[in-house]
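Structure record follows, encoded as structure tokens.
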Amino acid sequence: MLQEESALLIHGLLEHPEASVAHHVHREVGSVGWRSIFGHESIPFDGPDPAQRIDDMGADISRAMLPGGSIVDIFPSLKPVISRIAFLRRPADLWHEEITSHFEQYHCDDQLEGQTSVSGTLKQTGEKIGIDEHTAAWISGTLFFAAIDTSACALLWFLYAMILHPEAANEARKQLDDVVGDRPPRLSDKEMLPQIEAIVKEVLRWRPPVPQSVAHAASEPFEYDGYMIPQGAIIVANIYAIGRDPQLYADGDNFDPSRFIDESGQLRQPLRDSKDDYLCFGHGRRICVGKDLAMNSLWISIAHLLWAFDFKNGKDARGVDISLSGPGFLDRSASVEPVAFSAEFVPRYSDLARRLKAARFEE
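With the numbering used here, letter number 251 in the sequence shown gets 235, and the count goes up by one each step, no holes.
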């Protein structure tokens, strides 16, 4: 499924160069989540996008989770007051009702026969483990909007980085051409393509989709590095700053995938306590449950894009290059993606569409 969606991303870029980069990326990551979590068909390029409303609602929830996102973060004493007064609580109640309605609809809709999904598994086993339909719908829905927002950010930052640093793209393409030749890459090629993995790691270090991770609370008092942390204290892991610690990552503001490659050309050993160099998936028992799916999806998408295209600056109406400059941050919510940018995707093969089609039939 991941390889099929990556191929559809390439096909969409070939057939619809007029569409925005963000539209292509959000369609692909939304479709991966739509299929793997709800068990539905791939989201088409044209027509209504059933995933978009959940994505929008997820952004609203994510913004509400930011420190200071609610007035009760500033005045905690107001929390019991608001919860008791109906008209103050009404906007949140309406919001909750709408979200629940969408989650339950997508959870209960018929799924594709033979397709494994989170929602389908919960339907079959939820009752045995004490999960009712309402809770199952919320589990599926929250997994969906958490996955598509962060995955889209990561893939957009990859494309942004490749336009700024074509030398990194070319280094990975050399290895791709040696390993896969003229066929599209597969997940089974992963161990032979450390340069691709290094790019994935560097993208997530350089521009983590959720720079301050998700706030946690101390379940009990403890001491850390000479500081006493009281029970209930909100703890924010500044992933962006950790990825720029000069003792761990030299010249941290620079995009340099080679920092993850050792002298033999293989991936270097991950730093201690870094979850295989992927700090962006959280910490402890609350680490992201979708990490493996997200990493495989990001890896195969990046491999396909590097194999299929050369990336160049987009052009304005006069045909002049639109150069990227500056950090280019766009703060949507807790996640941060690049500002809208245009790009030109130049096929590396004159018969790219045919190669994609042939590979699909071979599988």
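Beta carbons are placed, not taken as given, at the ideal position from N, Cα and C, and that holds for glycine.
Secondary structure at residue i, three-state DSSP: helix, strand or coil?
i, result
"Glu(-11)", "helix"
"Pro150", "helix"
"Val9", "helix"
"Lys107", "helix"
"Asp305", "strand"
"Leu255", "coil"
"Asp294", "strand"
"Tyr211", "strand"
"Leu277", "helix"
"Ala225", "helix"
"Val163", "helix"
"His0", "coil"
Looking at C-alpha atoms only, which residue of the options is the closest neighbour of residue i?
i, options, result
"Thr84", "Ser61, Ser67, Ile(-6) and Arg37", "Arg37"
"Glu155", "Asp240, Gln89 and Gln108", "Asp240"
"Cys137", "Val323, Val330, Ala337 and Arg344", "Val323"
"Val198", "Pro214, Gln215, Val5 and Tyr224", "Tyr224"
"Gln89", "Glu117, Leu78 and Arg73", "Glu117"
"Ala120", "Cys92, Met(-15) and Ser307", "Cys92"
"Val320", "Trp79, Gln196 and Ser281", "Gln196"
"Tyr144", "Lys259, Phe313 and Ile55", "Phe313"
"Lys300", "Ser309, Ala292, Phe325 and Met279", "For the sequence presented, residue 300 should be read as Asp rather than Lys. Among Ser309, Ala292, Phe325 and Met279, the Cα nearest to that of Asp300 is on Phe325."
"Gln(-13)", "Pro169, Ile306, Glu111 and Ile69", "Pro169"
"Gly268", "Phe71, Ser203 and Ala(-9)", "Ser203"
"Leu(-3)", "Ala152, Met176, Phe295 and Ser54", "Phe295"
Can you have a look at residue i and say buried or exposed, based on whether 16 or more other CB atoms are within 10 angstroms of its CB?
i, result
"Thr134", "buried"
"Arg191", "buried"
"Glu12", "buried"
"Ile113", "exposed"
"Arg270", "exposed"
"Ala201", "exposed"
"Ser281", "buried"
"Arg189", "buried"
"Ile58", "exposed"
"Ile69", "exposed"
Are the CB atoms of residue i and residue j nearer to each other than 8 Å?
i, j, result
"Ser20", "Val102", "yes"
"Arg167", "Arg338", "no"
"Val194", "Phe142", "no"
"Gly23", "Asp39", "no"
"Ile132", "Ala287", "no"
"Val9", "Glu(-11)", "no"
"Ile(-6)", "Leu171", "no"
"Val428", "Leu140", "In the structure as shown, the chain starts at -15 and stops at 347, and residue 428 therefore has no counterpart that could be examined."
"Phe129", "Met(-15)", "no"
"Leu290", "Leu160", "yes"
"Arg344", "Ala292", "no"
"Lys185", "Asp261", "yes"
"Leu127", "Gly274", "yes"
"Ile213", "Pro205", "yes"
"Met176", "Val163", "yes"
"Ala182", "Phe244", "yes"
Starting from the C-beta of residue i, find all residues in its chain whose C-beta is less than 7 Å away, skip the five residues before and the five after it, and write them out in chain order.
i, result
"His0", "Phe29"
Who are the near neighbours of residue i in its chain, counting only those whose CB is closer than 8 Å to its CB and skipping five residues on each side?
i, result
"Ile226", "Leu232 and Leu263"
"His86", "Arg37, Ile38, Met41 and Gly125"
"Arg228", "Gly236 and Asp237"
"Ser26", "Glu(-12), Glu(-11), Leu(-8), Ser15, Trp18 and Arg19"
"Met279", "Val184 and Tyr262"
Take residue i and list the residues in its own chain whose beta-carbon comes closer than 6 Å to its own, dropping the five residues that flank it on each side.
i, result
"Pro178", "Gln250 and Leu251"
"Pro34", "none"
"Val220", "Gln196 and Ala199"
"Val56", "Leu62 and Lys63"
"Gly298", "Ile306, Ser326, Ala327 and Glu328"
"Trp122", "Phe87"
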